[in-house]
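Q:
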Amino acid sequence: MFVNIVNISKSYKTEGRFFRKSKRKVIDDITFSIKKGECLGLIGESGSGKSTLSRIILGLEKPEQGKVMMEGEPISKWMKNKKGGASVVFQDYTSSVNPSFTIRDIIAEPLLAVGDNKNLDERINELLAIVGLPHAAVHKYPHELSGGQLQRVCIARAIAIKPKFIVLDEAISSLDVSVQAQILELLHQLKEEMEITYLFVAHDLQAAANLCDRILFLYKGKIVEEADSANLALAQHEYAKKLLGSVMPFQGQ
Ligand code: ADP
Ligand code: MG
């Protein structure tokens, strides 16, 4: 599973002064690739365009210019042929699940959507075990779980269809640091066991540097730096250096 993002641009209309309509470029000519089995980090401050770019990569939104290719095929075609080939976990886990569904139904949903209901309950139990939740969770409703537990449910739902590619858009950003560490460990395990290709989107570098092989720095809609996680200290761009300063205070003197 490899992804090529080629010359992607996107603008949104904004209400200018005196209600004059203007356009603002949110994604500005972005090109990069994600290799098979790679975990690529996409780091940028709030409003830098991370979610817009993620939606475009998943084919949920059309770019103004450029194209997204999955395994050499345009995203729209790839998605049609490979139902369940890609999935996404969002930051806002409370609004990404239906509050009137039980945990069982939440995890079953994507499987049923692709018409896969063989040994359903057995597989749901397996998925719960993988993400470290007790079997008893199947009968619970979202409001009965903690944030960390619910985010695990979202991850279970995302991996249920055995996707080749997962986008995690700030998936752990609103969790406590200790829960973040647990979920990172889980994502790390899944990556090893299931050969998933990841795009890990975050506004802080710490978690991404832990999990990812390579990091892209997004600043005002442009990729301003690219670095291997092992060589982050070599980053040159001001914005990347600023972020690095907060993570690695003892380096780069
Ligand atoms: P990030 O995820 O990095 O915080 P977003 O991609 O959500 O950034 O947003 C980038 C910019 O695009 C922001 O200024 C945001 O207000 C604007 N934006 C995002 N989605 C829309 C939309 N559907 N309509 C208009 N503006 C949008
Ligand atoms: Mg976002």
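Per this note's numbering, the very first residue in the sequence shown carries number 189; after that it's consecutive. Ideal Cβ placement from N, Cα and C applies to all residues, glycine included. Treat the numbers as computed from the prediction; the structure is a model and nothing was measured.
Is His-425 helix, strand or coil by DSSP?
A: Taking the first residue of the sequence shown as position 1, residue 425 is located at position 237. Looking at His-425 - three-state DSSP - the assignment turns out to be coil, as it is neither helix nor strand.
Q: Could you check whether the region 388-400 touches the region 220-233, counting it as contact only if at least three pairs of C-beta atoms, one from each stretch, sit closer than 8 Å?
A: yes
Q: Does the region 367-376 come close enough to the region 328-345 that 3 or more CB-CB pairs lie under 8 Å?
A: yes
Q: With 16 other CB atoms within 10 Å as the buried threshold, where does Val-302 fall?
A: Residue mapping note: residue 302 aligns to position 114 of the sequence shown, counting from 1. Exposed is the call here.
Q: Buried or exposed: which applies to Gln-441, given that a residue is buried once 16 or more other Cβ atoms fall within 10 Å of its Cβ?
A: As a working note, residue 441 is residue 253 in the sequence shown. A caution first: Gln-441 carries a pLDDT of 39, below 50, which makes its placement in the model unreliable, though a value can still be read off. Exposed.
Q: Counting only runs that start and end within the region 323-359, where is the beta strand (DSSP E) found for 3 or more residues in a row?
A: Every beta strand (DSSP E) stretch that sits fully inside the region 323-359 and reaches 3 residues is listed by chain position as 353-357.
Q: Run the CB neighbour count on Gly-433, radius 10 Å, all protein chains shown included, and call it buried at 16 or more, exposed below.
A: Counting from 1 along the sequence shown, the entry for residue 433 is found at position 245. So Gly-433 counts as exposed.
Q: Going by the C-beta, is Lys-238 closer than 7 Å to any heavy atom of the ligand NAP?
A: With respect to the ligand NAP, the structure offers nothing, as its ligand set consists of the ligand ADP and the ligand MG.
Q: From Ser-361 to Val-341, what does the alpha carbon distance come to, in whole angstroms?
A: Indexing the sequence shown from 1 puts residue 361 at position 173. Indexing the sequence shown from 1 puts residue 341 at position 153. Distance between the alpha carbons of Ser-361 and Val-341 is about 16 Å.
Q: Taking the beta carbon of Thr-219 as the centre, do at least 16 other beta carbons fall within 10 Å, making it buried, or is it exposed?
A: Counting from one through the sequence shown, the residue named residue 219 turns up at place 31. Per the 10 Å Cβ criterion, exposed.
Q: For Arg-212, count neighbouring C-beta atoms within 10 Å of its own C-beta (all shown protein chains included) and say buried if the count is 16 or more, exposed if not.
A: The residue given as residue 212 occupies position 24 in the sequence shown. Arg-212 should be labelled exposed.
Q: Any beta carbon of chain C sitting closer than 8 Å to that of Cys-227?
A: Absent from the structure: chain C. Only one protein chain is present.
Q: Considering only their Cβ atoms, is the gap separating Ile-294 from Asn-286 smaller than 8 Å?
A: For this step, residue 286 is matched to residue 98 along the sequence shown. For this step, residue 294 is matched to residue 106 along the sequence shown. Taking C-beta atoms as the reference points, Asn-286 and Ile-294 count as a pair closer than 8 Å.
Q: Once you ignore the five residues that flank Met-257 on each side, which residues in its own chain have a CB closer than 6 Å to its CB?
A: What you label residue 257 is simply residue 69 of the sequence shown in a count that begins at 1. Same-chain partners within the cutoff: Asn-192.
Q: What are the boundary residues of the beta strand (DSSP E) that includes Ser-417?
A: Residue numbering aside, residue 417 sits at position 229 when the sequence shown is read from its first letter. Run containing Ser-417: none; DSSP gives neither H nor E here.
Q: Which residues does DSSP pair with Val-277 in a beta bridge?
A: Mapped onto the sequence shown, residue 277 falls at position 89. Leu-356.
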